[in-house]
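For what it's worth, the working numbering labels the leading residue of the sequence shown as 844, then goes sequentially.
Encoded as structure tokens, the structure appears first; notes follow it.
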Amino acid sequence: MKLNIENQTNNKGKEKAPASKPTLSVGSKTAVVSLRMPYNLPLQPYAQNDKPWVATATYTEPDWMGRVWKE
């Protein structure tokens with residue numbers, strides 16, 4: 844089994860369309876593989892003032908829907 848995924852990025856680090864479609868080969872048969880990513884690629888590191896969201900922490904400031912998160 845062989846999985847071939849090729850992505851290219853432009854000079855600003857933004858992802859461009861793949862040079863070829865991702866394919867999965869088993870023996871002589873090949874299939875196109877589609878992968879949905881819930882985030883942008885390439886991954887960006889957190890900025891100095893960013894705080895990652897953690898499910899076990901309490902957040903008293905309302906989010907964009909006006910909800911707060913309390914453990």
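Each residue gets a CB set at the ideal place from its N, CA and C atoms; glycine is no exception.
Sheet register partners of residue i (DSSP bridge)
i, result
"K894", "Note: K894 sits in no beta bridge, so no partner."
"S871", "The partner list for S871 (beta bridge, DSSP) is empty, contrary to what the question assumes."
Local conformation of residue i per DSSP, three classes
i, result
"T901", "coil"
"W912", "strand"
Cβ distance (whole Å) where residue i is taken to contact residue j below 8 Å
i, j, result
"P888", "V875", "Not really, about 32 Å apart at Cβ, beyond 8 Å."
"E914", "T899", "6 Å"
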